[in-house]
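Chains as they are written, first to last, in the working numbering: chain A, 4 to 116; chain B, 1366 to 1475.
A quick write-up on the structure given underneath.
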């Protein structure tokens, strides 16, 4: 089945650690996005990418990093510089220029312990 | 600056009581407007994409419409299972930035 897979579903991080969240899609979508959602809040854009080896900062990129080495994959690293990383992280992919669809994964809940 | 505003923040309906959710936007070059449904603890579920003013799309009890400044999600005779947060998003600009509103939390009571 085509879709977007995020892993892990739950992740616990110690203070000062970097962690990487995985996002893989087999929809042949050009565009991929990372969002952060806090309780009762909307989605805030962290990073987005339209093509391989290119990505743009979103509204809250500080303390995060990404890579886009393959069309199918867009991992997000939450670095120790992110002071309040506990949140629900969502990855999406879209058809890009044609914009006919954009789908989400099921999310990763990150908790700092 | 591109902006998406949804209203109301929360809406409580009785089963069968039709209503509409609003999404107003200010973007530089709209390339598409999306509606999603999100259940607690899950990723948003894609509902519709609209591209141009006057366009309408329907799915079961939901109907989305688009004007040059806003979109409406009409819910006809809602059921309790329609309870969720409904999110609106727009794609704009040369890099196809996907921007979301804060959502409308809908509760439908029997």
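Built from N, CA and C at the ideal position, the CB exists for glycine as well.
Cβ neighbours of residue 110/A within its own chain (closer than 7 Å, five residues either side excluded): 9, 91, 92 and 93.
As a beta-bridge residue in DSSP terms, residue 106/A pairs with 96/A. Along the length of the segment 1376-1403 of chain B, whole beta strand (DSSP E) runs at least 3 residues long occupy 1384-1391 and 1395-1403, reported in chain order.
Residue pairing by DSSP places residue 1454/B opposite 1399/B and 1465/B in a beta bridge. Along the segment 1402-1434 of chain B, going in chain order, the ones with a CB nearer than 7 Å to a CB of chain A are 1407, 1408, 1409, 1411 and 1414. Within chain A, the residues 44 and 45 have their CB atoms less than 8 Å from the CB of residue 1467/B, given in chain order. A Cβ of chain B is located within less than 7 Å of the beta carbon of residue 93/A.
The beta-carbon of residue 1395/B is placed no less than 7 Å from the nearest beta-carbon of chain A. The CB of residue 1444/B never comes closer than 9 Å to any CB in chain A; the least such distance is about 24 Å. Looking at the backbone, the Cα of residue 79/A and that of residue 1381/B are separated by about 43 Å. The alpha carbon of residue 112/A has as its nearest neighbour, out of 38/A, 28/A, 18/A and 30/A, the alpha carbon of 38/A.
By the C-beta density criterion, residue 71/A is buried, having at least 16 other C-beta atoms within 10 angstroms.
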